[in-house]
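Top line first, the protein sequences correspond to chains A and B.
Each residue of the first sequence is one higher than the one before, starting from 1 at the first, in my numbering.
Each residue of the second sequence is one higher than the one before, starting from 413 at the first, in my numbering.
Idealized CB from N, CA, C, for every residue including glycine.
These numbers were taken from a predicted model, which means no experiment stands behind them.
Following: one structure in structure tokens, then a few remarks.
There are 2 protein chains.
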Amino acid sequence: MALIVQKYGGTSVGDVDRITNVARRVTEARAAGHDVVVVVSAMAGETDRLISLAHKISEQPDERELDVILATGEQVSIGLLSMAIQALGFRARSFTGSQVRIQTDDAHTKARILSIDAERVRQALTDGEVAIVAGFQGVSAEEEITTLGRGGSDLTAVAMAAAVAADVCEIYTDVNGVYTTDPNIVPEARKLDRISYDEMLEMASLGAKVLQTRSVEYAKNYGVPVHVRSSFNYNPGTMVVKEDAAMEKVVVSGIAYNKQEAKITVTRVADRPGIAAALFGRVAEANIVVDMIVQNISQDGFTDISFTVPRADYAKTMEIVKAVAKEMGADKVIGDDKTAKVSIVGVGMRTHSGVAARMFEALGKEKINIMMISTSEIKVSCVIEAKYAELAVRVLHEAFGLGGQPVTEEAK
Amino acid sequence: MALIVQKYGGTSVGDVDRITNVARRVTEARAAGHDVVVVVSAMAGETDRLISLAHKISEQPDERELDVILATGEQVSIGLLSMAIQALGFRARSFTGSQVRIQTDDAHTKARILSIDAERVRQALTDGEVAIVAGFQGVSAEEEITTLGRGGSDLTAVAMAAAVAADVCEIYTDVNGVYTTDPNIVPEARKLDRISYDEMLEMASLGAKVLQTRSVEYAKNYGVPVHVRSSFNYNPGTMVVKEDAAMEKVVVSGIAYNKQEAKITVTRVADRPGIAAALFGRVAEANIVVDMIVQNISQDGFTDISFTVPRADYAKTMEIVKAVAKEMGADKVIGDDKTAKVSIVGVGMRTHSGVAARMFEALGKEKINIMMISTSEIKVSCVIEAKYAELAVRVLHEAFGLGGQPVTEEAK
């Protein structure tokens with residue numbers, strides 16, 4: 001008898017039949033004697049429909065009012081799922097973000113969870129009810145309706161699991177779990193049984209879409225065991241858990257990639273304090289998120305600065321950077337909007353040397369030129385030409401032996 | 413500079429263009445220097461869509477969960493209208509029933525308003541904002557989402573007007589106001605400039621659909637002046653106000669009718685205490701609302717009881733009544749599902765005699781047989797054959813001179 005939080009996304013509750021399927025799955029866990037809290041998203045397409053309605057009224061809809069409207073999507077889902085569970089002869093009760101009291105700050109459309117007072121949810125469980133919580137939404141101290149941003153339902157689920165001290169937070173999705181890399185590119189990609197929070201964080205932020213990044217951070221901070229699994233079958237998925245000694249033996253756990261990158265280089269920038277701040281400050285003002293930044297060592301008091309941005313922001317960024325470069329007397333601005341980033345991720349890197357070198361060697365063998373390199377404790381990322389992205393992923397997947405058994409210390 | 417509550421129904425906010433039109437109307441009042449609170453319904457069709465979704469999941473959806481779902485309709489409307497008003501350069505802020513704190517009992521799908529804490533709405537007005545309140549919904553003491561039943565937005569508007577002590581509650585609709593009778597039947601029907609709460613109550617409950625009955629009761633209890641007017645033009649509509657001396661001079665203010673009635677008679681019922689209670693108790697258990705009841709004087713210890721019910725409930729009622737009649741040893745049950753009720757309404761009846769007689773005479777002249785009669789202080793209703801309904805309305809409209817100038821004491 002465990003306490004389980006289950007999260008179902010918009011596709012899983014996309015129509016009446018699917019809602020009934022989710023209800024069946026929930027009641028199976030209930031019938032097995034578990035206490036169940038369910039977090040649901042809006043029915044697939046509903047959030048987009050509401051956003052489009054808002055944009056028909058106003059090009060820049062007020063974010064407070066947008067949250068008022070968007071929160072209705074999940075409110076409909078929780079009511080329908082509760083009815084569906086009741087129709088199967090079980091007890092259920094729905095809760096909006098405001099009713100659960102998922103307390104957030106007042107940053108509308110991207111609010112942060114401050115605390116959860118799960119008293120009503122606990123009471124529902126004590127009463128033998130399935131508690132159904134609206135994902136993606138919360139309430140500010142001023143009783144304003146807030147939303148948590150895209151993918152926010154994952155965060156709701158993890159935060160609820162932390163609040164009620166659940167044994168596990170199950171994230172139901174349309175894939176079987178977290179893979180060593182994208183199976184669409186590498187057919188022999190292997191489903192991981194376990195992955196550490198830190199690795200999952202890197203994988204998530206590097207482009208693997210199974211879990212929202214902030215939900216992984218939250219799970220890590222509160223030690224919530226997360227089980228990413230398919231809503232279409234009963235196979236065990238991937239457990240996202242605290243790092244342990246066994247994990248460190250695996251040098252590289254996965255290969256992530258992002259094809260939607262663009263690279264910009266400013267050459268011969270005067271190497272004096274404040275220059276980088278001036279450049280990236282202006283880019284940030286335009287709400288453009290800079291990913292990787294590389295600055296070469298200074299020569300004759302000048303340096304080159306390279307960085308990457310999402311490809312969608314390339315044109316706008318170039319415009320800004322050209323203006324700033326002129327002001328600061330830099331030589332040239334060179335742009336390339338056809339770049340990709342491939343990364344190897346693994347906590348084993350902390351204790352193993354030569355991992356980066358093995359990556360460069362594998363890419364070099366295929367004559368894939370590395371334009372930029374960036375490393376952290378548990379990942380190495382390379383910017384390459386976009387057209388080589390898939391090839392690079394396959395080569396790295398092979399080089400680190402991810403297709404068969406994981407490469408461990410012993411196996412080397 | 414007045415404080416105005418405006419209420420717009422689902423048709424008025426049925427699509428993006430109409431919402432923008434409502435926004436324009438609201439901002440005109442604002443630009444004229446008035447403080448404005450707006451109450452809106454769900455976009456036309458939305459409530460039905462949500463009900464149908466719920467019924468696809470469950471034949472008898474849980475009423476608590478139904479309220480959770482239904483309340484989203486108005487929540488979308490308030491957000492969109494707020495955005496539309498902001499797009500016109502005015503300040504606006506939306507409020508759900510829970511945020512305003514429209515406190516209700518916990519009778520889901522038909523909750524009663526207990527109190528309104530309009531502090532946040534007052535603050536919004538002080539801040540120079542248009543306050544936009546979701547109609548039809550409230551919140552129970554246990555923070556449950558409740559709804560007020562069909563037409564509940566009228567009630568929200570009147571209750572809000574009472575709570576903020578508004579100068580007037582404007583109910584915007586698709587007709588020009590309250591008419592002496594249905595203009596579809598009597599083309600010369602005249603729009604009333606003023607009507608008393610009691611007359612409006614009778615007109616509303618007798619089938620005139622411009623205002624929900626409970627909202628009129630609420631307006632009467634709190635002395636809220638209600639202005640029923642068209643959202644398609646700027647003509648003054650009908651003021652629903654406290655009775656005054658001038659009104660009493662008008663003998664009959666309007667003719668109401670209801671064609672969806674059925675009549676049932678139980679003959680030779682033993683005339684002893686508890687018999688009526690037994691009969692109507694069983695009918696009430698089936699959630700059938702009995703309208704008119706007439707019991708003839710007793711002869712030889714037996715009596716006949718006649719009553720009317722909505723035509724939709726006729727078959728079910730006949731079944732119940734036949735069973736009860738058998739148990740109590742009554743003679744026969746006679747049903748007629750082709751009846752209508754026509755009524756004359758006017759506070760002037762209190763001080764004028766012969767009004768009923770004039771009604772019977774007018775109907776008699778056209779050989780319209782009166783099957784049942786029921787009277788109150790300010791109305792006389794007759795049940796007649798349904799096929800004569802329109803004729804009866806025209807005849808009575810003519811007999812009481814409603815087409816031209818109202819018949820007053822002096823004019824008689």
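Those residues which DSSP pairs with residue i across a bridge
i, result
"L415/B", "D447/B"
"E673/B", "P722/B, T751/B"
"K744/B", "T679/B"
"F507/B", "V545/B"
"E797/B", "T751/B"
"R194/A", "M239/A"
"F714/B", "A682/B, Q711/B"
"A256/A", "S343/A"
"V389/B", "Residue 389/B lies beyond the stretch modelled for chain B, which goes from 413 to 824, so this question has no answer here."
"K791/B", "V757/B, S788/B"
"V733/B", "In DSSP, V733/B forms no bridge with anything."
"Y591/B", "K603/B"
"V551/B", "Q515/B, I557/B"
Extent of the continuous beta strand (DSSP E) run through residue i
i, result
"M784/B", "784-788"
"I293/A", "293-295"
"V652/B", "650-653"
"Q103/A", "102-104"
"S230/A", "226-230"
"T147/A", "145-147"
"I780/B", "From DSSP, I780/B is part of no beta strand (DSSP E); its letter is neither H nor E."
"V168/A", "168-173"
"I525/B", "525-528"
heavy atom of the ligand GTP below 7 Å from residue i C-beta
i, result
"I497/B", "What this structure holds is no ligand at all, so the ligand GTP is not there to describe."
Presumed contact (8 Å Cβ cut-off) between residue i and residue j, rounded CB distance
i, j, result
"E366/A", "L391/A", "6 Å"
"T484/B", "T72/A", "4 Å"
"K744/B", "G547/B", "Actually they do not touch by this definition, with Cβ atoms about 47 Å apart."
"V393/A", "V345/A", "Wrong, their Cβ atoms sit about 12 Å apart, outside the cutoff."
"I19/A", "L50/A", "Rounded, the Cβ-Cβ distance is 19 Å, inconsistent with contact."
"Q498/B", "S58/A", "7 Å"
"R282/A", "I320/A", "5 Å"
Within 8 Å, strictly: CB atoms of residue i and residue j
i, j, result
"A277/A", "R311/A", "no"
"V542/B", "V450/B", "yes"
"Y179/A", "S12/A", "no"
"V269/A", "M328/A", "yes"
"V438/B", "V452/B", "no"
"G138/A", "T238/A", "no"
"E143/A", "Q672/B", "no"
"E248/A", "G403/A", "no"
"A162/A", "Y222/A", "yes"
"L201/A", "V216/A", "yes"
"S230/A", "D167/A", "no"
"M1/A", "G33/A", "yes"
"V158/A", "V226/A", "yes"
"K110/A", "G149/A", "yes"
"D426/A", "T146/A", "Lying before the first or after the last residue shown, residue 426/A is absent from chain A, which here runs from 1 to 412."
"T104/A", "L114/A", "yes"
Of the listed residues the options, nearest to residue i (C-alpha basis)
i, options, result
"A611/B", "T508/B, M413/B, G563/B, T593/B", "Reading the sequence as shown, one finds Glu at residue 611/B and not Ala. Comparing Cα-Cα distances from E611/B to each of T508/B, M413/B, G563/B, T593/B, the minimum goes to T593/B."
"R684/B", "A519/B, S527/B, D716/B", "D716/B"
"E697/B", "I514/B, R532/B, A668/B, T729/B", "T729/B"
"Y630/B", "L478/B, R524/B, Q472/B", "R524/B"
"G422/B", "I490/B, I416/B, K468/B", "I490/B"
"I782/B", "L465/B, E731/B, A536/B, V795/B", "V795/B"
"R122/A", "F280/A, V5/A, E243/A, E46/A", "V5/A"
"A504/B", "R442/B, G813/B, N433/B, K734/B", "R442/B"
"T375/A", "H397/A, L155/A, M359/A, E398/A", "M359/A"
"R101/A", "F90/A, I255/A, R120/A", "R120/A"
"F644/B", "N433/B, A768/B, D427/B", "N433/B"
"P183/A", "G254/A, H352/A, M372/A", "G254/A"
"I185/A", "A389/A, L53/A, G152/A, K56/A", "A389/A"
The alpha helix (DSSP H) enclosing residue i, as first and last residue numbers
i, result
"H55/A", "46-57"
"T72/A", "63-87"
"D154/A", "152-163"
"L537/B", "531-538"
Under 8 Å from the C-beta of residue i: neighbouring residues of chain C
i, result
"I469/B", "Here the protein chains are A and B, and chain C is not one of them."
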